[in-house]
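As C-alpha cells, the structure follows; a few thoughts come after it.
Protein chains: 2
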Amino acid sequence: MVRGMKNPVATAALCALLATSLPAAFALTEAAKPAPAPGEIVNAAPEADWVAIAPDDLLVMTLAPDPRGGAGRTGERRIVIQLMPAPFSQGWVSNIRKLAAAHWWDGLSINRVQDNYVVQWGDAGGGDKLKARPLPAGLVAVPERDYTVSADAYRRGAKVSRKNWANRSYPPIGHDDPYAGRTTYWRGFPFASASASDGPAWPIHCYGMVGVGRNLSPDTGSGAELYTVIGHAPRHLDRNIALVGRVIEGIEHLSSLPRGTGPLGFYEHPQERTPIISVRLASELPKAEQPRFTYLSTESDSFARYADARANRRDPFFVTPAGGADICNIPVPVRRVPG
Amino acid sequence: MVRGMKNPVATAALCALLATSLPAAFALTEAAKPAPAPGEIVNAAPEADWVAIAPDDLLVMTLAPDPRGGAGRTGERRIVIQLMPAPFSQGWVSNIRKLAAAHWWDGLSINRVQDNYVVQWGDAGGGDKLKARPLPAGLVAVPERDYTVSADAYRRGAKVSRKNWANRSYPPIGHDDPYAGRTTYWRGFPFASASASDGPAWPIHCYGMVGVGRNLSPDTGSGAELYTVIGHAPRHLDRNIALVGRVIEGIEHLSSLPRGTGPLGFYEHPQERTPIISVRLASELPKAEQPRFTYLSTESDSFARYADARANRRDPFFVTPAGGADICNIPVPVRRVPG
C-alpha cells in the first residue's frame, strides 16, 4: 500500500466498472493509452528510486486497541513516524530520540483531537507540577532561531552547491505559494524558503507532519508533547513551531479518533483519552519486529513526473488539469517493505 | 461555537494557564494589549455583519447513533450543509432539493471514507442496476460547462459591476494561488477565477465542501451521490466535479468515521456502513425544529480583518506572521443561532 495515492471521487457504479470490466472496456492500443495517473507513475518507479529509511529515523507508537471495536477494527493500532533529516530541527529530534530511549511516553495518552487541525499526545498531567511526569536527563533547550535553517547551513548539511540549490527547485513548472518565496523537497520532506536562490529554509505543516507543542515564546518545547496535522495544512504555524517528522503509516488511527469537546479540542473526561502503550525507535526493536519503509526519492525523475502528474491530472477521470498544485497536495509516496 | 476558529498548538500546561491565570498574568494596559486573534475579531463582529442562511439553503442529514458509543458520544449525529448560492452549480443544487423532498436518501448509507480525502454517501447498490434505488422524476442532466460560471453570468447573478468585480479581490493583500489567477469569496463561499479582472469563476474544494460523485466524462453526476472533503484541499478536483455546498455543522461525525479498507476507501463489509436516517431541507422541518445559522458576511470589514489576521498572526503565541494564506486556510466563520 503506497501512501500519497489520491483517487477521483468515483461513484459506486464507476468503482464497480473499474474493478470488474476495465481491462475489457479499455482494450486500447499503445497509441491510445490514457495518460498515467500519479499512482501509476509511482508504481512504475524503478527500485533504484526508492530510498530506505534508517531504523534510527523511525518512531513506532503503539496505542491500546480501539474500545469502540467494529468490523476489521480490533487489534493493535500502530503509528510509524519518520523523523526529520538533518540539518532541520535536530535539537528537538535528538530530544525525541532520548525520550523514546527512556520509554518516557509509555502509559501516557492522546489528550487532544481538534477537527481539521491536530491530534496531540503527551503528559495529560503536564499542566500540573505535582502530577507531571519528570523528563529524562539530558534534553536540550532549543532556541527559536532553529525553526529555520540558513541557506549556508542548509547547503553544508545537504551537501548542495549554491548552483544546485537554485536549480533544485520544486515545482518543476511555475507554481505560486502564498506562504513562501519557494517550496521544494529534500530527502522526502517538504520545505519552504524565503526565495528561490537564497535565504532561510524551513519545514512545512502538511497533513501528517509531526510537530512539538510548546508554551508561549521564547519556549520552543522539548519534544515531549507532540502533535500531528489531521486537516488542511495549517501553514501559519510554519516557522512558529518545530516540525520533527511525519506520520508514514497508521495516521488513520489518529485522524479517526473522536474529537475532544473541551477548549482547543482537549478531552473533557480522562476516560476519553487513548492510552499509549509504547513509543520506540525502530532501532530499539528486535530486528524481526523492525518495520521497514522506503520513500520515493524526491530527487528522482520518477518523483518529478509524479509531481507533474499531480499538478496536471490527465488520466481519464479528469476534464480540466489544474496547471499547478500546492506542495501539501503532492505528498511524498512511502512504501512498506514486506518483512 | 463558531466554526473557523483555529488555535495554536499549545501544550497542556499552556492550556491550563490560559484557562486559569491569564486574566491575572496579562493584566495589560490598553496600549500594551496584544493583537487580537482571528477568533477574537470574529467574536467582536457586529450583528449587522452576520447573514442569515435561508432554511431552503440548509440540508439536514441525520445519521444513526454511533454504535461505538464512548463518553459524550451517544445520541443523534446531525450534519448541516449550506447549499451553494446562485449562479454556481444550480442544476445540481436543484436536483438535490428534489432528492431531499422525495426523502430519497432515507435508509441509504455512508459507503466510503478515505483518509485525508473524502467521505461519500448515497446508494451502496448504485453500481448494480437490479439493486439500485430508482431516482425521483424531474432530475436534470447538467452539462460539464456548468462546473464554471462565465464572468458575465457571475456578474449578472451576483449583481456586480465589472469595476466592482475587479475590486472585490480576495485576499486583501497580495497572495499567490497555485491553482488559479485569483481567489475570492462570495456570499460565504470560496471561489477561484482565471484572472483578477475577468474569465470564468468556480467553487473551490476546501475542507468540508460538498461535491457530486460522478462516472467518467461526460457524466457529471445527478447529485444523488455526494461527498465531503475531510483532508487537505484536493483542489485538482476544482472544475472537474460539481461543488454544491459545504458542511457548516457536524463535520466531526463524518471526519472521525472509521476509514474504509477497500479500494478508494469504500467499506468492504456492509455492516461497516453508517445508516442515514434522513436528509431534509430545513424548510421542510417543523418551524420549531429548523436549525438556524448565520455566516460572517464575506463582504464585511470584519471578514477582511479576520482574513488579514489569519494571514498575519500577531496574537501572543506567534513569533513570525506568515505574510499570506491560502484561501482554504481562511474558513468562513459560521454561527448557530440559539433556538
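Chains W and L supply the protein sequences, listed in that same order. With the working numbering applied, the first sequence corresponds to residues 1 to 339, in that order. With the working numbering applied, the second sequence corresponds to residues 340 to 678, in that order. Ideal Cβ placement from N, Cα and C applies to all residues, glycine included.
7 Å Cβ cut-off: residues of chain W touching residue i
| i | result |
| --- | --- |
| ARG644(L) | Simply none; closest approach about 16 Å. |
| PRO539(L) | None at all; the shortest Cβ gap to chain W is about 10 Å. |
Cutoff 8 Å: residue i Cβ touching any chain W Cβ
| i | result |
| --- | --- |
| LEU596(L) | yes |
| ASN434(L) | no |
| LEU397(L) | no |
| GLU483(L) | yes |
| LEU723(L) | Not covered by the structure: residue 723(L). The range shown for chain L is 340 to 678. |
| SER556(L) | yes |
| ALA366(L) | Reliability fails at ALA366(L), whose pLDDT of 36 lies under 50, so the model's placement of it is uncertain and the value that follows must be treated cautiously. Output row for ALA366(L): interface = no. |
Chain L contact for residue i (CB, 8 Å cutoff)
| i | result |
| --- | --- |
| TYR295(W) | no |
| ASN43(W) | no |
| LYS130(W) | A small correction: the amino acid at residue 130(W) is Leu; Lys does not occupy that position in the sequence shown. Chain L, which has no Cβ nearer than 8 Å to the Cβ of LEU130(W), makes this no. |
| VAL362(W) | Nothing about residue 362(W) can be reported from this structure: the residues present for chain W run from 1 to 339 only. |
| SER150(W) | no |
| SER193(W) | no |
| TRP186(W) | no |
| CYS328(W) | yes |
Residue i: contacting residues in chain L (beta-carbon distance under 7 Å)
| i | result |
| --- | --- |
| GLY324(W) | PRO517 and TYR518 |
| ARG313(W) | HIS575 |
Partners in chain L for residue i, counting only beta-carbon separations shorter than 9 Å
| i | result |
| --- | --- |
| ILE251(W) | ASP454 and ASN455 |
| ARG310(W) | HIS575 |
| PRO316(W) | LEU555 and SER556 |
Within chain L, the residues that residue i reaches when beta carbons sit closer than 8 Å
| i | result |
| --- | --- |
| ARG207(W) | According to the sequence shown, residue 207(W) is Tyr rather than Arg. Under the 8 Å cutoff, chain L gives ASN455, GLY570 and HIS571. |
Item checked: the region 230 to 241 of chain W: positions lying closer than 9 Å to chain L by Cβ -> ILE230, GLY231, HIS232, ALA233, PRO234, ARG235, HIS236, LEU237, ASP238, ARG239, ASN240 and ILE241
Next item on the list: Check whether the region 222 to 231 of chain W touches the region 107 to 125 of chain W, counting contact only when three or more Cβ pairs, one atom from each stretch, lie closer than 8 Å.
Entry: yes
Check: Are the region 379 to 396 of chain L and the region 628 to 636 of chain L touching, with three or more C-beta to C-beta distances below 8 Å?
Finding: yes
Note to self: Does the contact criterion of 3 or more C-beta pairs under 8 Å hold for the region 639 to 651 of chain L versus the region 453 to 473 of chain L?
What the structure shows: no
Note to self: Suppose only complete runs of 3+ residues qualify. What are the beta strand (DSSP E) ranges in the region 607 to 638 of chain L, listed by chain order?
What the structure shows: 613 to 620 and 632 to 635
Notebook entry, point to check: Would you call the region 544 to 563 of chain L and the region 427 to 434 of chain L in contact, with 3 or more CB pairs under 8 Å?
Noted result: yes
Check: Between the region 32 to 52 of chain W and the region 262 to 275 of chain W, do three or more beta carbon pairs fall short of 8 Å?
Finding: no
Next item on the list: Can you check the region 178 to 256 of chain W for any beta strand (DSSP E) of at least 3 residues that lies completely inside it and give the ranges in chain order?
Entry: 182 to 186, 189 to 193, 201 to 203, 209 to 212, 226 to 229 and 243 to 249
Check: Quick one, which residues of the region 268 to 293 of chain W are near chain L if we go by CB-CB under 8 Å, in chain order?
Finding: GLU268, HIS269, GLN271 and GLU272
Margin query: Runs of 4 residues minimum, wholly inside the region 38 to 107 of chain W: which ones carry the alpha helix (DSSP H) assignment?
Written below: 38 to 43 and 90 to 101
Next item on the list: Evaluate the contact criterion for the region 77 to 84 of chain W versus the region 132 to 150 of chain W: three or more CB pairs, one atom per stretch, below 8 Å.
Entry: no
Note to self: I want to know whether the region 520 to 540 of chain L touches the region 435 to 442 of chain L - three or more CB-CB distances under 8 Å.
What the structure shows: no
Check: Counting pairs of Cβ atoms below 8 Å between the region 648 to 663 of chain L and the region 239 to 254 of chain W, do you hit three or more?
Finding: yes
Next item on the list: Any chance you could list the alpha helix (DSSP H) runs of at least 4 consecutive residues sitting entirely within the region 125 to 157 of chain W, in chain order?
Entry: none
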